[in-house]
Amino acid sequence: MRRVAIAGAGMTSFAEHFGLGIKDLLPMAVGECERSVDKGLDRADIQAAWFGELTTTDGFPAGVLADSCGLVDVPVTRVENACATGNDALRNAVFGVASGYVDVALVVGGDKVRESSARSTFWEWAAMTRDMAWDYPLGLVAPANFALHVARYLHESPATREHMAMVAVKNHRHALNNPKAQLRFEITVEQVLNAPMVVDPFGLYDCTPQSDGAAALLVVAEDVVDRYTDRPVWVRGVGLGLDRVMHQHKVDMTTFPATRRAAGRAFAMAGLTPADVDVAEVHDCFTGVELISYEDLGFADRFGAHKLVEAEATSVGGSLPVNPSGGLKAKGHPPGATGVAQCVELFEQLRGEAANQVDGARVGLAHNIGGPTAVSAVTILGAERG
Amino acid sequence: MTCIKLIGTYLPPWQEGGRRLPGGDEDAVTMAVEAGRVLLERAPGGGIERVVLVTRDLPLLEGGNGATLLAGLGLPSDLEVVERLGGAPAMLDAVLSARPRTLVLGADLDPAGAGAVLVSADGTRLRPVSRIARSLPVTARSRDGVMHDYDDPRLLRERGLKASLRQAGPEDKPFAVAGIPHGQMRGMCAGDPPRLPTLGASATVFALAAMAEREEAGVLLASEQGTLTAVAIESAPAGTVHRLEPAGRPLPAARHTPGPEIPISLAAYDRAFEPKVRWEAARCGGCGALAYPPRRRCRECGSEGAWSPFPLPRRAEVYTAVTVRVPVPGLATPYSLAMVQLDGLDVRVLVRTTAAEAGTVAIGDTGRMTLRRVAVRSGVPDYGYAFWPDEPGEPDEEEVR
Chain A
1 MRRVAIAGAG MTSFAEHFGL GIKDLLPMAV GECERSVDKG LDRADIQAAW FGELTTTDGF
61 PAGVLADSCG LVDVPVTRVE NACATGNDAL RNAVFGVASG YVDVALVVGG DKVRESSARS
121 TFWEWAAMTR DMAWDYPLGL VAPANFALHV ARYLHESPAT REHMAMVAVK NHRHALNNPK
181 AQLRFEITVE QVLNAPMVVD PFGLYDCTPQ SDGAAALLVV AEDVVDRYTD RPVWVRGVGL
241 GLDRVMHQHK VDMTTFPATR RAAGRAFAMA GLTPADVDVA EVHDCFTGVE LISYEDLGFA
301 DRFGAHKLVE AEATSVGGSL PVNPSGGLKA KGHPPGATGV AQCVELFEQL RGEAANQVDG
361 ARVGLAHNIG GPTAVSAVTI LGAERG
Chain B
1 MTCIKLIGTY LPPWQEGGRR LPGGDEDAVT MAVEAGRVLL ERAPGGGIER VVLVTRDLPL
61 LEGGNGATLL AGLGLPSDLE VVERLGGAPA MLDAVLSARP RTLVLGADLD PAGAGAVLVS
121 ADGTRLRPVS RIARSLPVTA RSRDGVMHDY DDPRLLRERG LKASLRQAGP EDKPFAVAGI
181 PHGQMRGMCA GDPPRLPTLG ASATVFALAA MAEREEAGVL LASEQGTLTA VAIESAPAGT
241 VHRLEPAGRP LPAARHTPGP EIPISLAAYD RAFEPKVRWE AARCGGCGAL AYPPRRRCRE
301 CGSEGAWSPF PLPRRAEVYT AVTVRVPVPG LATPYSLAMV QLDGLDVRVL VRTTAAEAGT
361 VAIGDTGRMT LRRVAVRSGV PDYGYAFWPD EPGEPDEEEV R
C-alpha cells in the first residue's frame, strides 16, 4: 500500500443555507479545496471521487456530485455510514489511492439538513437510524439516543452537567475565530445549565444545531504529491468500528465500543498512541458525547474525562486541544460533511494555518460516532509521512 | 343460569374532577387487558375458551382488535373474540348469555375504567329478571364518529330509565343501577348504592364487584338511555373481586405539537406483532440465549433459526432513563423513555414509561411491564409494553387492593 497525502482542503461555511441547494454547496466546497492546492489543481487530474452524504437531496448523491462539480468522466461512489459518513468517505478514498487504483481522488461530504420543514425533518432523519417496529414508534428522537448513554454515564462517573456545560462553553469559544462556524458567540456555564431542556440531561446548549454545508479534500498518492504541494498532510491511519445497533443490546452504555474499535484500528495503522495526538476533532453532537469519547479515544482514563475539562486541557492552549474549530456543537453538523470538515480543520492545523492554531501540532485525530451510536470512524493525520 | 367465578377491575391513575381519564397511551383494548390480567393472574388453570369485549369505544372499527386482546391477555390466538358494541346493559347481557369459560370484558373511555368477568360452570349465580330495548338516542354517534348530544337530562331520565322501569322493571328495589350517575341512583336503590366510577360497559362490572365485596344478594340493573337489563344475583364468596385501582392523580399537562404522523411499515408491524404484544422473547435452541426482539442469528453462539418463544418477566429495573421535553411533531410531550433490565434475565428493553409523570422515573427504580398503545401511526394503533414504576414505599407489590 502506498502512503497517501492530503494536498488540498476546503469547505463552505456551516449554516442554515436556505438560499443554497446541495448543487450549490458541493461546487463551493470543491472550488475552495481546489484553490487551497499550493501548486494548483487541474480538475481533469481527479480520477475518482468518494462522496459522503447521509440523506438524499435533489437526486441520487453520486450523480449530483458528478454533475454539479464537472466530474462526469470519473467514477463517483456515494458513502453512507450514519454520522461516520464523512470520515468513512475519506477512508474509502485512501484505500483507492493507497492500492494504486488512482493517484488523485476527491473526497466530498455534504448534507442539507434544513431542506424540509422543521416538522418533517424530525421523522425523515430519524427513520434512517431506527428500527421501524421497535424503536421508531417510541418517539426515540435523535437527542434521546445519546441522552440514554449520557444519563447512565452521569450516574456512574463523577462527571456532572457542569462538566458538560464546560464542553459547550469551550467549543463556543473556539468557534468565535472560525469564519466557517455556525454559532459564533460565547456562552457561560450558567447559560448552558439554565437553557430550556431538550431531552434530559441535554439542554439547548448541549446540542448541535441543524446545519447545511459541504467540505472537500484532495487525496493524492505519495508518488504524485510533489506536483501539488510541498507541505502535504499525511493520512497516517483510518479506522471504522461498529457496535450493536439497538440500545437494548449495548451492555455498557457509558462507553461507545464502536469508537474503541475504530480508534484501535486507526492507531494501529498509524503506529501511534493517544499520547501522540496534539489536536483532535471529536464528535460532540451533544456535550456529554465529547466527554465519553475522551475515554473511548484513550485521551482520559475511564470516568476521568471530567478532569480534562476541569483542567482546561482540551481548550486551545491546553495540553490536548479538542475541537479548535468549534466542533459539531458550534461549527455545525451537516452529517455527511462533518467528518470531512474535521479533516479540513486538521489539514489547516497541521500546516500551521488554522484560525485557532494549536502551537506545534504534528498529529491530529478526527472522530465521528453515529447510527445512533453503532458506528464510528477515526482518522489520524500527521505532518510527518510516518 | 350464569355463574361468575372471578371479577377484575382497572382504573387508570389519572383523574379530573373525580372522573378517571385514560392516559394518552391507553384505549379500550389496553384497559380491558389490564382488567383481564388482574383476573387471569388469579384464575387457576385459566381454561378460557372465548373472549367478549363490550365497549362503545372500539379502537378500530375496521382492522380488528381481537388479536391484540388475545396477545395482551396471553391467551391463545385461536380463541373466538366477540367485539360487542354497547354500554352497561350490553355488558350484563353479554355475561348472562356467556357460556362457561368465557372472559367478558368491558371498557370505557369517559369516564375511564375497565372490568373483567370470568363466567364459569360454577360460582356466583346470576338469573335474568327482565330486559327491554327502547330507542331514545339522546346521545348519538354514527359511523363518522361525531358525537351528537341532544342535551336534555330530564327527558333522558323520564323517558329513558323511568319509562323503561315502568315497563320492565323488577318489583324489588335494585342494589345498584349501572349506567347512570350516582346522584340519580340514590333513592332508586335498596340501600346505599356503591359509587361506580364509570357509566358504560365497565360500570356493570364495578357494580357486580361492589355487590360481591359486600356479599349481598339482590337485583342489579344496567341502563343505557332507553335500554334496561335486570338480573338477580346471589351473594358472592370472598376473594371473587380483584382490583387494580391506583389512587387518582391529576393528568399532567401535555403539549401537542402538530406535525406529520410517524409513518408505519405494516410489514415491520406484522413481523413484530406477536413478540411485541405477547411480551415474548425468542430462546436460542443452540445456546439458550434470549433474543428480544427475536432475530435470525443468535448474538451469543451464531446459530440461526432454531428459536422457541420465551415468555418475558413483567418486573423490571431502570438501567437508564431520559425525558423528552422538546416539542416533537406529531407527539405529545413531555414523555420519558427508559431502558429497563428485566428481572432475573440478561434482557433489556427500551420502552416508554406509563402511569407516572414524565421525568419522575430514575435509574434504579423498579416497576412492572404493561401493555400500552405506544403510538398511533397512519391510523393504526401500535401496541407494545411500557414501564409502570412502583409507587414509592411499595417496591415489590403491585398496586392491587
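If you read the sequences in order, they're chains A and B. Going left to right, the first sequence walks through residues 1 to 386 as the numbering used here numbers them. Going left to right, the second sequence walks through residues 1 to 401 as the numbering used here numbers them. Each residue gets a CB set at the ideal place from its N, CA and C atoms; glycine is no exception. Computed from a predicted model, the values in this text were never measured in an experiment.
Query: Segments of 3+ residues assigned as beta strand (DSSP E) that fall wholly inside the stretch 320-344 of chain A; Result: none
Query: Element boundaries [alpha helix (DSSP H), containing A:Lys23]; Result: 22-35
Query: Residues near A:Thr273 in its chain [Cβ-Cβ closer than 8 Å; skip 5 each side]; Result: Phe267, Gly298
Query: Span of the alpha helix (DSSP H), counted from its first residue to its last, around A:Asp88; Result: 85-98
Query: Selection from A:Lys170, A:Phe18, A:Val79 that minimises the alpha carbon distance to A:Thr56; Result: A:Val79
Query: The stretch 375-390 of chain B / the stretch 260-268 of chain B touching (three or more Cβ pairs under 8 Å); Result: yes
Query: Assumed close pair B:Ala133, B:Pro22 - CB separation to whole angstroms, cut-off 8 Å; Result: So it is not a contact: roughly 29 Å between Cβ atoms.
Query: Interfacial residues, the stretch 238-272 of chain B to chain A, with Cβ spacing under 9 Å; Result: Thr257, Pro258, Gly259, Pro260, Glu261, Ile262, Pro263, Ile264, Ser265, Ala267, Ala268, Tyr269, Asp270, Arg271, Ala272
Query: Residues of its chain near A:Val199, where Cβ-Cβ distance is below 6 Å and the 5 sequence neighbours each way are ignored; Result: Pro143, Ala144, Ala147
Query: Pair within 7 Å by beta-carbon distance, B:Val117 and B:Ile4; Result: yes
Query: Nearest-angstrom beta carbon gap, B:Val241 and B:Ala212 [assumed within contact, 8 Å]; Result: 5 Å
Query: Reduced DSSP secondary structure (H/G/I, E/B, other) of A:Gly264; Result: helix
Query: B:Tyr10 - DSSP class collapsed to helix/strand/coil; Result: strand
Query: Rounded separation between B:Leu165 and B:Cys189 - CA only; Result: 13 Å
Query: Cα-Cα separation, A:Ser68 to A:Ser376; Result: 29 Å
Query: Any C-beta of chain A under 7 Å from that of B:Thr320; Result: yes
Query: DSSP state of B:Tyr383 mapped onto helix, strand, coil; Result: strand
Query: Option in B:Val349, B:Thr333, B:Ala163, B:Leu161 with minimal Cα separation from B:Ala291; Result: B:Val349
Query: A:His149 beta carbon less than 7 Å from that of A:Met253; Result: yes
Query: Residue burial classification, B:Pro395 (beta-carbon count within 10 angstroms, cutoff 16); Result: With a pLDDT of only 48 at B:Pro395, under the threshold of 50, the placement of this residue in the model should not be trusted, and no figure is reported.
Query: Contacts of B:Met402 in chain A (Cβ-Cβ under 9 Å); Result: Residue 402 of chain B is absent from the model: chain B starts at 1 and stops at 401.
Query: B:Thr139, enclosing beta strand (DSSP E) - first and last residue; Result: 139-141
Query: Where the alpha helix (DSSP H) through B:Glu317 begins and ends; Result: B:Glu317 -> not in any alpha helix (DSSP H); beta strand (DSSP E) instead, spanning 315-324.
Query: Helix, strand or coil at A:Lys145 [DSSP, three-state]; Result: With the sequence shown as reference, residue 145 of chain A is identified as Asn, and Lys is not the correct amino acid for it. Three-state DSSP puts A:Asn145 in a helix.
Query: Supposed contact pair A:Gly239 and A:Ala387 - C-beta distance, whole angstroms, cut 8 Å; Result: Residue 387 of chain A falls outside the range modelled here, since chain A spans only 1 to 386, and no answer is possible.
Query: Alpha carbon of A:His174 to alpha carbon of A:Gly139, nearest angstrom; Result: 33 Å
Query: Minimum C-alpha distance to A:Ala49 - residue among A:Ala118, A:Gly40, A:Ile380, A:Pro61; Result: A:Pro61
Query: Neighbouring residues, chain A, relative to B:Leu331 (Cβ below 8 Å); Result: Gly139
Query: Minimum Cβ-Cβ distance from A:Arg388 to chain B less than 7 Å; Result: This structure gives no information on residue 388 of chain A, because the portion of chain A shown stretches from 1 to 386.
Query: 7 Å Cβ cutoff, A:Gln191 in contact with chain B; Result: no
Query: Within chain A, partners of B:Val374 - CB distance below 7 Å; Result: Pro137, Leu138
Query: Beta-carbon neighbours of A:Arg119, restricted to chain B and to distances below 7 Å; Result: Gly259, Pro260, Pro329
Query: Same chain, Cβ closer than 6 Å to A:Val363, five either side skipped, listed in chain order; Result: Asp276, Val277, Asp278, Gly382
Query: Status (buried if at least 16 other CB within 10 Å, exposed otherwise) for A:Ser99; Result: exposed
Query: Near-chain B residues of the stretch 188-219 of chain A - C-beta to any C-beta below 8 Å; Result: Pro196, Met197, Val198, Val199, Asp200, Pro201
Query: Nearest residue (CA-CA) to A:Tyr228, options A:Leu346, A:Ser116, A:Gly109, A:Val104; Result: A:Val104
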